[in-house]
Each structure stands twice: as structure tokens, then as C-alpha cells.
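Heads up, the thing below is written out as C-alpha cells.
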Amino acid sequence: MQVPAPIRTPAWVSTRRLLEQKLSDLPKHSTTFNQLNQLHALIYKHNLHQDPFIMPKLITAYSLCRQMSNAVKSFRQVQQPNVHLYNTMIRANVFNSLYVDAFDVFFHMQRCGVYADNFTYPFLLKGCCGFNDYVLVKMIHCHVVKLGFCLDVYVPNALIDSYSRCGVVGVGDAKRVFEGMGEGRDVVSWNTMIGGLVKVNRLSEARGLFDEMPVSDMVSWNTILDGYAKAGELNDAFELFERMPERNVVSWSTMLTGYCKSGDMDMTRMLFDKMPVKNMVSWTIIIAGYAAKGLAKEAVDLYERMEEEGYRPDDGAIISILAACAESGLLWLGKRVHQSIKRNGYYCSTLIENALVDMYAKCGSLNKALSIFNGMGKKDLVSWNAMIHGLAMHGHGSEALELFAEMKEEGFTPDKVTFVGVLCACTHGGYIDEGIQFFYTMERDYGVPPEIEHYGCVIDLLGRGGRLQEAFRLVRTMPVEPNVIIWGALLGACRLYNAVELAQEVLEHLVKLEPENAGNYSMLSNIYAATGNWASVADVRLRMKNTGSEKPSGASLIELDDGVHEFTVKNTVHPASDKIYHMVDGLSDHIKKVGYIPDVIY
DNA sequence: TTAGGGTTAG
Numbered sequence: 019m020q021v022p023a024p025i026r027t028p029a030w031v032s033t034r035r036l037l038e039q040k041l042s043d044l045p046k047h048s049t050t051f052n053q054l055n056q057l058h059a060l061i062y063k064h065n066l067h068q069d070p071f072i073m074p075k076l077i078t079a080y081s082l083c084r085q086m087s088n089a090v091k092s093f094r095q096v097q098q099p100n101v102h103l104y105n106t107m108i109r110a111n112v113f114n115s116l117y118v119d120a121f122d123v124f125f126h127m128q129r130c131g132v133y134a135d136n137f138t139y140p141f142l143l144k145g146c147c148g149f150n151d152y153v154l155v156k157m158i159h160c161h162v163v164k165l166g167f168c169l170d171v172y173v174p175n176a177l178i179d180s181y182s183r184c185g186v187v188g189v190g191d192a193k194r195v196f197e198g199m200g201e202g203r204d205v206v207s208w209n210t211m212i213g214g215l216v217k218v219n220r221l222s223e224a225r226g227l228f229d230e231m232p233v234s235d236m237v238s239w240n241t242i243l244d245g246y247a248k249a250g251e252l253n254d255a256f257e258l259f260e261r262m263p264e265r266n267v268v269s270w271s272t273m274l275t276g277y278c279k280s281g282d283m284d285m286t287r288m289l290f291d292k293m294p295v296k297n298m299v300s301w302t303i304i305i306a307g308y309a310a311k312g313l314a315k316e317a318v319d320l321y322e323r324m325e326e327e328g329y330r331p332d333d334g335a336i337i338s339i340l341a342a343c344a345e346s347g348l349l350w351l352g353k354r355v356h357q358s359i360k361r362n363g364y365y366c367s368t369l370i371e372n373a374l375v376d377m378y379a380k381c382g383s384l385n386k387a388l389s390i391f392n393g394m395g396k397k398d399l400v401s402w403n404a405m406i407h408g409l410a411m412h413g414h415g416s417e418a419l420e421l422f423a424e425m426k427e428e429g430f431t432p433d434k435v436t437f438v439g440v441l442c443a444c445t446h447g448g449y450i451d452e453g454i455q456f457f458y459t460m461e462r463d464y465g466v467p468p469e470i471e472h473y474g475c476v477i478d479l480l481g482r483g484g485r486l487q488e489a490f491r492l493v494r495t496m497p498v499e500p501n502v503i504i505w506g507a508l509l510g511a512c513r514l515y516n517a518v519e520l521a522q523e524v525l526e527h528l529v530k531l532e533p534e535n536a537g538n539y540s541m542l543s544n545i546y547a548a549t550g551n552w553a554s555v556a557d558v559r560l561r562m563k564n565t566g567s568e569k570p571s572g573a574s575l576i577e578l579d580d581g582v583h584e585f586t587v588k589n590t591v592h593p594a595s596d597k598i599y600h601m602v603d604g605l606s607d608h609i610k611k612v613g614y615i616p617d618v619i620y
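The first sequence begins at 19 in my numbering and counts up by one.
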């Protein structure tokens, strides 16, 4: 069907200009579906749905408010898309993490004989980051070289970035592209290369380039600052921070992250309070920092202050904060974030729903996790994995396995993370033979080769099932080097079955890997004690003293409405200590009367 | 091109 060319009356021209302006002015996050649909209808009415300037703007607007099906519909309305429209569509897909679709658009474009330009390859290379796939980047690189494509600075810069994001395997290629650019390098090339080296922890090399670069800008300073902060070299980072010709919100946030990760929340707070300009990222860093450390009151207070000051948490903020809550079991803040999502009607993406499922599951609210999971419009593999793992870790092994079966029926292919959850479900549900069966068939039936995580699970499974020799044999024959988790699982099993000799051997391996962890010695000491070998208990204690490893006392944390309460052995600092001990003594007497024999830890 | 981002064994 031929679309008649619009008649360019002055009224048409002004409508066109108005629509173009409206599309450009749309706010990124608060655009509603209706607003956009109205604009789309107007575009149709004025016969502008073939317009080479209007349509990319419409597609971008749909993409920004996560309406990709409408973006695709709009794209299909255009009969002869030009390179600009293809580029827009590739970028829209990448922005929405639809990497496969982005590549499909690229192939479609080639089939239609439309030539890629300087923008196509950088957009496409950004799509490779989603796969984090070195081979894919290499393929595009070869493609560009084969075409004899004019290597404008944008394309090699994108190549440096994409290669660097592939980690250690790609950084060599990134360097070759960087060096090949010669005099053609701009400040972005230098910054990207420095960032790439920082990503693979080659800090001194990055510093060398930073010192060597002809002209540095704020991004260069921030990149190298981030390198020091991520490496935990906070003194060096701070020195650099003070020496910076000027600082922006990114520089301050980089320092916040550094101190947060080192656990120094006082310093983090001091910097945060001193920041001249804050943004969503800086609020997120400090709130998630407090949350991850279980500092409930500080985290919730700041979250509320942030909302009072008119900040609306974006996807990044919500996900980071929920993840931090999940890590420390901070249900209080997790619920608070969930409330504000509901109250403000934020768009709840699959990413956010996954974070909610994970948070509720990790915090022990399995019903809440399940109700969100069941109500999800669109589940992805991560949703299933999070729910399976959540059920498994709380002892609902059979439910987890049922969910695994359901997931396959729905057409999802399990990945390596799924099998960690499945094996964990078997361990905690006591399904030893089933677990071993899964372990030995995961590669054959699903093409997922077992990795160290799966060996960890199955060794735990065998160990808890009392099949210690089998577990030990597997550790010795497995193709990967056993780590502390593997040896730790084995030591735990030895403790369960009082396997003294095996425990001694396992401990020697563990001590080599983590000499500073006193928990390992305690475990061995407990095994000796359980078998009445008091002389060896004394030996181990002496060895602990000599090596200077002191086991920190364990603490229990309970979250009530007003925050997290910590309890340790013989600790009386809690304001309600007297009442609590009274209750504990009463309970203790009661359970002994009904036949409880305490398992004394030595 | 720089700061925060979901699922992973003891």
C-alpha cells in the first residue's frame, strides 16, 4: 500500500514541529502510556507515521518508558526505514536489555541493503555488553575491519569499551585497538582504556596511562579515583580526591562507595553530609550501605529523608536497596521500599519484582515472596531461580523441586544458577539420591556442565547424608581446585558424623586456604570434644592461640519494629536484659522437662 | 568514556 505524501500546508508544518517538540520534551520516567498513545494517534491523524524525524523520536519515547511492543509496532509502520531509524531501533532494544532483538534488527537492516554507519556499530557493541561475550565483540570487530569501514573515533572507542567489559580476555584486544588509533585518540579513548584497565584490577598500568595522557578531564580523574577506591586503597583515593582540580557528584559518590565497601560508615556519612550536590545515586549508595550492614534505623531514616526531599527512587535505587536488605535480612526497609513502589505507582519492572521476590525470600517472608512471584506478569529465568532458591534455603525442598518442574513445563531452560537452587533443595529436603541424579545428568540433559558451586552443593549433600568417603573421593577427583566452601562443607559433615581422622585432614587444607579463620579450628575442637578426646581439644586450642586466631563470638540478630537487636553470649547491655534472661531461663527449664538434651558447643 | 543495579554452594 502506498502512503500518500503529506500535503505540506503551513498548518501541517506547525503541527509537525509541535509534535516533534512534544516528543523531545517528554520526561523520561513519568511519561504514561496514555500520553504516548495520544501522541501516536495524533501522528497517525496528521499522516506523519512515515516521517523520518518524528518516528525515531516516538520509538525512543516508547523505549524510554519500557513500551517495547509499541516501539516495534511504530517501527513496522515505516515502509522504508532509513539507517537512522534502524539505529534508533537497535538502541531502543539495547536500552531494554533485548540484545537478541537488537541483533535481529541489525541483520534485517543488512538484508534490506541499508548500510550501517558510525552510530550503528557503537549501539550494537553496547548490546554485546549484555552478553558479556568476547566472541561477539570480536565478530563485530572483524566485520568492521572487513568492510574497510572508515574508523571514525566512535567505533574504535566503542570497541575499546566492549572489549574491556569482557574482562581479562578482552583487555588485550582493547589495548591493541587503543594503540592502533595512534594520534586519532581523543580524551574518551584514553578514559575508556584507563577504565578498562581499572576493571581488570591493573591499577598501576591505569595510573601510568592517566599520568601520560595529554589532556585529562573530570571523567579521567573520576575513573582513576574509582580504581583506587575499588581496590580499597582509600588513602591514595582520598589524596587524589583532594588534589582534583574540581569535583562533581560522581567524584563524591566514588568516595562514598569506597568507604561504604570498607565498612567505614562514619566516614561515609561525613562525606555524604558534606556533599555540595546530591543525586539519586549518592542517596542509594549510603542507604544501601547502611542496609547491607543491617543498620536499620539509619537506613530507614535516610530513605524517608530522601523521599521528603522529593527524590523518587529509580530502578537502580530500588534494586540496590532491596539487594542490600536481602543481604542483611533487613525486612523493615525492604517493606518500606515496597510500600513506596505501591503508593507512588512506580513502574514495577521484572527486574524490580525479582529483587522483591529475592528480598522477601531471603528475609524469611516466603508467603509474600510467593505471592509476588505468582502475580508477576512476566517471569524470567531469574524470577524462577530466585523463588526456587528461596524455597530451598528455608527447607521447602519438595516445593522447590515442584517449582523446578513447573518452570520446565513453562518452557524455561534451567541454567547453572537453577541447578545450584535445585541441588540446595535436595540437600535441605534430604533428597540425596535425587540430588546426585541431578548432578550427574545436568550436563547430559540440559547442557549445563557442573561448576565449583555445584560440586559444593553435591559434596554438602553427600556429607550431610553421611556418605563422607564418597564426598571426599569427589573432592579429590573433581576437575576444579577445591575452595574453602568445598572443604568447609566437608568439615561440617565431619562434625555431624564425628569423623575425626577425615576432619584432621580437611582442616589442614582449610588452614592453608584461610589461616585467619578461627571457626575451622573451633569445628575440629568440637569434633574432638564430641568424641571425648579432651587432650586433642586442648591441643587445638593451643594451636589457635599460637597462630593468633581467636574466634569472634557469634551473635544473633532479631529485627523488631524499632530496629535490629543484637545478642551475644553473656551479654547484658540490652535495656530489657533482665526480662529476657528471665524468659530464657523459663524456656530452658521447660524444654529440658519435655526431653531436650542440649548440644553443647565447646 | 566516570559513581548505585536481580538469581550462585559451607
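Cβ coordinates follow ideal geometry from the N, Cα and C atoms, glycine included.
Residue state for S401 is assigned as helix, using DSSP reduced to three classes. Of all alpha-carbon atoms in S207, W208, A224, the one lying nearest the alpha-carbon of L215 is that of A224.
Listed in chain order, the non-local C-beta contacts of D204 below 6 Å within the same chain comprise V171, local neighbours out to five positions each way being set aside. With fewer than 16 other CB atoms across the displayed protein chains lying within 10 angstroms of its CB, V233 is exposed. DSSP, reduced to helix, strand and coil, places C278 within a helical segment of the structure shown. Beyond the five residues adjoining it in sequence on each side, R330 comes within less than 6 Å, by CB distance, of no other residue in the same chain. For a cut-off of 8 Å, the C-beta gap from S346 to A310 is around 6 Å, short enough to register as a contact. If you check the CB distance, F228 and I242 come in under 8 Å. Secondary structure at D151: coil, using DSSP grouped into helix, strand and coil. For G188, the enclosing alpha helix (DSSP H) stretches over residues 186-198. Rounded to the nearest whole angstrom, the C-alpha separation of F457 and H472 is 7 Å. Judged by DSSP in its simplified three-state form, F259 adopts helix. For A507 against G474, the beta-carbon gap comes to about 6 Å, under 8 Å, which counts as contact.
Distance from the CA atom of D119 to the CA atom of N111, rounded to whole angstroms, is 6 Å. In terms of CA proximity to I305, S338 leads the group E326, S338, P294, V466. The Cβ-Cβ distance between V206 and N175 falls below 8 Å. When secondary structure is reduced to three states using DSSP, M288 falls in the helix class.
G307 is positioned such that its CB atom lies closer than 8 Å to that of C278. The C-alpha of N362 lies about 37 Å from the C-alpha of F437. Relative to the Cα of Y181, the nearest Cα in the group M73, G213, N516, D596 belongs to G213. In the three-state reduction of the DSSP assignment, S42 falls in the helix class.
If you compare the alpha carbons of V375, F196, D433, I359 with that of G408, the shortest gap goes to V375. Excluding the 5 residues flanking it on each side, V524 has same chain C-beta neighbours closer than 7 Å at W505, L508, L509, C512, in chain order. The beta carbon of L520 is closer than 7 Å to those of L486, F490, C512 in its chain, skipping five residues each way along the sequence. For G439 and A418, the gap between their C-alpha atoms comes out near 8 Å.
Leaving aside the five residues that flank V502 on each side, the residues in its chain whose CB is nearer than 6 Å to its CB run, in chain order, L531, E532. With 16 or more other Cβ atoms inside 10 Å of its own Cβ, K386 counts as buried. Per the C-alpha coordinates, the member of V602, E371, L313 positioned closest to W350 is L313. The criterion of a C-beta distance shorter than 8 Å is satisfied by M73 and V96. K40 and I108 have their C-alpha atoms roughly 23 Å apart.
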